[in-house]
Every structure is written in structure tokens, then in C-alpha cells.
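Trainee: This is the structure I want to talk about, given as C-alpha cells.
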Amino acid sequence: MKSTAVAPSNIAFIKYWGKKDKKLRLPENGSFSMNLSNLSTTTTVEFDPKFKKDTVVINNKRELKKTERVIKHLDRVRKLAKIDYWAKVVSENNFPTGTGLSSSSSGFAALSLAASKAAGLDLSKKELSILARQGSGSACRSIPDGFVEWLDGKSSQSSYSVSYKSSNYWDIIDIVAIVSQAEKDISSTKGQEYVNTSPFFKTRLANIKSKINKIKKLIDKKKFRQFGELIESEALELHAIMITSKPALIYWLPETLVVMKSVQKWRQKGLEVYFTINTGQDIHLICQSKDKDKVISRLKQIKQVNKIIINKPAKGAKIIKNHLF
Ligand code: DP6
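Numbered continuously in the working numbering, the sequence shown closes out at residue 330.
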């Protein structure tokens with residue numbers, strides 16, 4: 006019983022930050038994202054009665070903390086499938102881990118699909134999204150295709166993601182600017198525990214539903230400028246919450262700010278490009294495909310940018326035939 010899945014990472018345009026149920030990973034609010042074509046995780050899972058324990062290898066390494074989190078997820082799958090075999094898991098990301106590029110979203114989406122298939126389950130997209138959410142909240146958005154909404158939900162069964170538009174609906178581009186490959190000090194899981202210490206969090210929650218409705222309308226009409234303004238101010242709002250939490254969470258590096266300032270300067274000169282950023286120093290630039298080459302050539306002139314990854318909107322998690330072992 007061996008299966009392999011590949012899943013995209015996703016970039017949240019309206020962010021998830023804070024949980025109303027920590028164990029079930031029920032979010033404080035709904036969120037909205039796009040799957041990314043060039044940031045992905047491939048994972049092979051095998052359950053076998055002859056294994057004596059679970060083994061987990063991620064990016065050629067065995068790390069205790071990551072292994073524990075994966076084993077907890079395997080336990081959820083074993084419970085659903087009513088099996089008690091040990092498993093072997095091998096997983097590889099095609100991008101840096103822990104720098105703000107949401108490797109936990111692609112990781113737990115790929116793990117959920119590969120492990121459930123390897124355990125003999127044939128879960129629907131909704132069931133897979135619910136399963137992935139329990140591994141890492143944002144992973145539930147990497148199951149459906151394209152532009153995705155995570156429905157807030159008051160219970161485990163009602164908190165999952167659905168596709169709002171397919172991946173070929175709108176040819177916008179996400180260009181990731183990598184400014185450092187250093188792993189962040191405070192994980193997204195840990196950082197979220199402080200969300201209620203920000204005096205501004207209540208205000209954020211009061212406005213978030215209308216933001217989600219707004220982004221959906223702007224996507225319906227493909228109004229890029231207003232869409233870009235909304236996602237950039239949303240990213241800055243998220244970081245305002247982080248910076249005003251106790252302890253203060255400062256994920257940016259000086260290099261990150263260089264990119265942010267450059268984006269604003271390019272815009273003043275007429276280039277329509279906006280940024281968004283999660284928990285880390287690396288930053289996503291969003292533009293229309295007609296402006297892609299201009300954005301790339303300007304980014305290449307910034308010496309603080311080490312690497313660029315170009316993404317189109319992508320489909321969700323899928324099963325593939327080539328196993329990693
Ligand atoms: C800032 O999904 O990594 O990227 O559920 O604890 O695993 P856990 O958190 P995670 O948080 C992602 C936070 C974010 C915003 C987002 O992707 O919506």
C-alpha cells in the first residue's frame with residue numbers, strides 16, 4: 006500500500022492568523038488564497054505490516070519535531086482507515102523550507118492525499134481538505150484547484166476549502182523574491198498563539214468577512230489594481246497585528262523592506278505590481294502576466310534578492326505514479 010502525491014503551496018490574499026480551536030485548527034476567520042505552480046511538495050507514503058515503527062524523511066533529513074507532527078497526522082489517517090500498520094514517509098520540497106513560503110501547506114496537503122490513498126481510503130476533496138486542515142491550517146487550501154476560499158466553519162466538518170475559480174481563470178503571476186534562506190525563529194503555529202495580545206486584532210476580525218466578499222467581487226470582475234491594493238494592505242495589516250503582539254513578532258529582514266520599497270517606487274512609475282508576505286522574510290510580488298518580464302528584470306537589479314521563483318495559478322493536490330522510494 007504505497008502512494009505518492011504532489012501538492013502546491015498557496016499564497017493567502019486574505020490571511021489566516023489565529024485559531025478558535027487549537028487542537029482542531031479551526032481558524033478565527035475565513036481566508037482566501039491562490040495555489041502556486043512552482044512551489045510544491047512531493048510525498049510518498051507506504052503502510053506495511055512488516056514495518057516496526059514510523060519513519061519520516063523530509064528533504065533528506067530526519068528531524069524530531071517535524072517527525073512528531075507527521076506521525077500525529079498519520080494517526081489521524083490510521084484512525085479514519087481503521088488500520089494499525091506503521092508507515093514510511095519520504096517527502097521533498099522543491100523550494101526553501103521555513104522562510105515564509107508556506108511549506109506546511111504543500112507538505113500537509115501532499116501527506117493527507119498520499120497517506121489516505123496508501124491506507125486504502127478514497128476521500129472526497131471536502132474530506133481531504135478537512136484532514137489536511139488538522140495537520141496545518143493553510144494546507145486545507147492546497148487541496149482544491151486554483152483560487153480557493155477556506156470557509157471559516159464552527160466545527161471540524163464545516164471548516165474546509167473550496168475552489169472559487171479554476172487555475173486558468175485569471176493569468177496573474179506570483180513572483181517570489183528570496184532574500185535569505187534562513188529558517189524563521191518563531192513558527193506560524195507558535196506565532197498565532199499570541200494573536201489576541203494585539204490590541205488591533207478585534208478590529209481585524211470585525212472587518213474580515215467584508216474583505217473576503219470584496220476580494221471575490223474584484224476577482225469576478227478581474228479588477229487588478231483594486232485587487233492588488235487590497236492584498237497589499239491586507240498583508241501589512243497582518244504584520245501590524247504581529248508587530249503589536251506580545252512578544253512582538255518581526256518576520257521581516259532589512260532586505261524584505263528593500264523589496265517592499267522598490268515595489269512602491271515601480272508602481273509610482275506606472276508598473277502595476279503589488280506585494281504580499283507571510284511569516285518569513287521572503288516576499289511575493291503579484292502582477293498581471295503582461296508585466297511579468299518587466300517585474301523580473303527590475304527584481305534582478307536588486308542585489309539583496311538571491312533567487313526568484315515564478316508561479317502561475319495552479320491546480321490542487323494530485324496523485325502521481327512516480328514514487329520517491
Ligand atoms: C501567515 O497554516 O502555517 O501564512 O495551522 O499552525 O500550521 P498552522 O499555521 P499555518 O499558518 C499560515 C499563516 C499565514 C497566513 C495564511 O497562509 O493564511
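Beta carbons are placed, not taken as given, at the ideal position from N, Cα and C, and that holds for glycine.
1) Would you tell me roughly how many angstroms separate the C-alpha atoms of glycine 233 and serine 45, rounded to the nearest one?
2) Given this structure, state the Cα-to-Cα distance separating glutamate 239 from phenylalanine 206, to the nearest angstrom.
3) Taking Cβ to Cβ, would you say glycine 142 is nearer than 7 Å to serine 168?
4) At a threshold of 6 Å, does lysine 93 count as lining the ligand DP6 (C-beta to nearest heavy atom)?
5) Within the present structure, is the beta-carbon of arginine 30 separated from the nearest heavy atom of the ligand DP6 by less than 6 Å?
6) At a cut-off of 6 Å, is threonine 194 close to the ligand DP6 when judged by its beta-carbon and the heavy atoms of the ligand?
7) Rounded to whole angstroms, how far is the Cβ of alanine 211 from the Cβ of isoleucine 313, which I believe are closer than 8 Å?
8) Tell me where the beta strand (DSSP E) around leucine 254 begins and ends.
9) Taking 7 Å as the cut-off, decide whether the C-beta atoms of proline 149 and lysine 130 are in contact.
10) State whether the region 52–63 contacts the region 13–21, with contact taken as three or more CB pairs (one from each stretch) at a distance under 8 Å.
11) In angstroms with no decimal places, state the Cα-to-Cα distance between glutamate 260 and alanine 124.
12) Tell me whether lysine 77, by its Cβ, gets closer than 6 Å to a heavy atom of the ligand DP6.
13) Alpha carbon to alpha carbon, how far is arginine 67 from glycine 158? Give it in angstroms, no decimals.
14) Is there at least one non-hydrogen atom of the ligand DP6 closer than 6 Å to the beta-carbon of asparagine 3?
15) Quick one: what's got a C-beta closer than 7 Å to leucine 29's C-beta in the same chain, skipping five residues either side?
16) Would you call the CB atoms of asparagine 2 and serine 108 closer than 7 Å?
17) With distance defined between alpha-carbon atoms, name the residue in Ser166, Leu276 and Lys93 nearest to alanine 110.
18) Assuming valine 181 is part of the beta strand (DSSP E), what are its boundary residues?
19) I'd like to know whether the C-beta atoms of lysine 320 and serine 172 end up nearer to each other than 7 Å.
20) Quick check: what's the CA-CA separation for aspartate 80 versus valine 94?
Mentor: Working from what's here:
1) 24 Å
2) 13 Å
3) no
4) no
5) yes
6) yes
7) Going by Cβ atoms, the distance from alanine 211 to isoleucine 313 rounds to 37 Å, so no, they are not a contact pair.
8) Counting along the chain, leucine 254 falls outside any beta strand (DSSP E), and DSSP gives it neither H nor E.
9) yes
10) no
11) 45 Å
12) no
13) 35 Å
14) The requested residue 3 is not part of the displayed model; the chain covers only 6 to 330.
15) Gln139 and Ser161
16) Any property of residue 2 remains undetermined from this structure, which presents the chain solely from 6 to 330.
17) In the sequence as displayed, the identity of residue 110 is serine instead of alanine. Checked all of Ser166, Leu276 and Lys93; the closest Cα to serine 110 is Ser166.
18) 177–183
19) yes
20) 13 Å
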